[in-house]
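As structure tokens, the structure follows; a few thoughts come after it.
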Amino acid sequence: MRHRVTSLRGKPQIQFTQNWPRLDGATAAYPIYASAFYALSVIPEDFHVWDYLDNSRTQEAYNKIVNGDADIIFVAQPSDGQKKRAEKSGVTLLYTPFAREAFVFIVNADNPVNSLTEQQVRDIFSGAITNWRAVGGDDQEIQTWQRPEDSGSQTVMLSQVMKNVRMISPQETEVASVMEGMINVVAEYRNTKNAIGYTFRYYATQMNADKNIKLLAINGIAPTAENIRNDKYPYIVDALMVTRENTTSETQKLVEWFLTPQGQSLVEDVGYVPMDKTLH
């Protein structure tokens, strides 16, 4: 995975010359933890970076932290299934917020709808509203796109947006699996005129920016950095560092560093909203 590495403000306040923490996480968090890894690590010539810096995405990252194959993962909140798997394995996970993020809804840029209420979002994804005309748009059937179970975005969608309202079945596509032959998986978002999907603000605006996609306001409030900072946007989530209980001292140092002014400045410079509200 190639993404721009963001430099620190000033000299690194901590450095790792051995016992490097093994980092993994969500795609949208990779630019943050990769930037920290390269800025804070003194790397020998024979060093294999991929042994310590991986991006296996949310589902696999949670598996790796539970199995002891990662020291810190950078992710959204765990799903109920991920919590249960940790508990079943006898592993206590610790969750430390390091950034604030908006959970956003995306549509085609030509869609005349610019804002939905929280209830309208629930009605669309539960199947109670099926035509854009019902929310001020064109007379077109709404095409909803979901994310896979246990992904960070699907977990947030279920817990913070839908709450106890049942979602309609996701669109699926058939793919080839080496182990299982042809299997059905949740289909990826396609930006048709009548589409609506969801993701995290950073991914939509920084990592996968597309002028043909727009972010909807919710209750008339746009998902801007300012509206995340001042808690006005309805769907704000914490980006988390997840570690195992009784982790290594090096791992704990990195967790603590992310909460210092230098660590929080990196969070901001990468493009996230820091936990530290004194930064602008």
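Take the sequence shown: its letter number 79 is residue 79 in full-length UniProt numbering, and every next letter is one higher. Idealized CB from N, CA, C, for every residue including glycine.
Identified DSSP bridge partners for residue i
i	result
residue 102	236
residue 23	53 and 72
residue 205	According to DSSP, residue 205 bridges with nothing at all.
residue 141	131
residue 214	107
residue 197	106
residue 44	DSSP lists no partner for residue 44.
Short Cβ contact (8 Å threshold) for residue i with residue j
i	j	result
residue 236	residue 105	no
residue 8	residue 34	no
residue 272	residue 149	no
residue 66	residue 86	yes
residue 96	residue 57	no
residue 243	residue 71	yes
Spatially closest choice to residue i from the options, by CA coordinates
i	options	result
residue 158	78, 14 and 29	78
residue 51	213, 23 and 188	23
residue 151	173, 25, 141 and 5	25
residue 37	266, 274 and 165	266
residue 167	126, 193, 19 and 140	126
residue 42	250, 17 and 238	17
residue 250	21, 171, 12 and 6	21
residue 200	59, 215, 44 and 260	215
Cβ neighbour criterion (16 or more within 10 Å) applied to residue i
i	result
residue 74	buried
residue 220	exposed
residue 209	exposed
residue 10	exposed
residue 15	exposed
residue 89	exposed
residue 47	exposed
residue 277	exposed
Cβ shell of residue i (< 7 Å), same chain only, five flanking positions each side left out
i	result
residue 1	Model confidence at residue 1 stands at a pLDDT of 47, short of 50, so the residue's coordinates are unreliable; what they give is reported in the following sentence. If we look at residue 1 and ignore the five residues flanking it on each side, its Cβ neighbours are 30 and 55.
residue 263	257
residue 217	114 and 115
residue 118	218, 219 and 234
Short CB-CB distance (under 8 Å) between residue i and chain E
i	result
residue 130	In the displayed structure, chain E is absent; only one protein chain is listed.
Nonlocal neighbours in the same chain, by C-beta distance under 6 Å from residue i, ignoring five residues either side
i	result
residue 189	145 and 197
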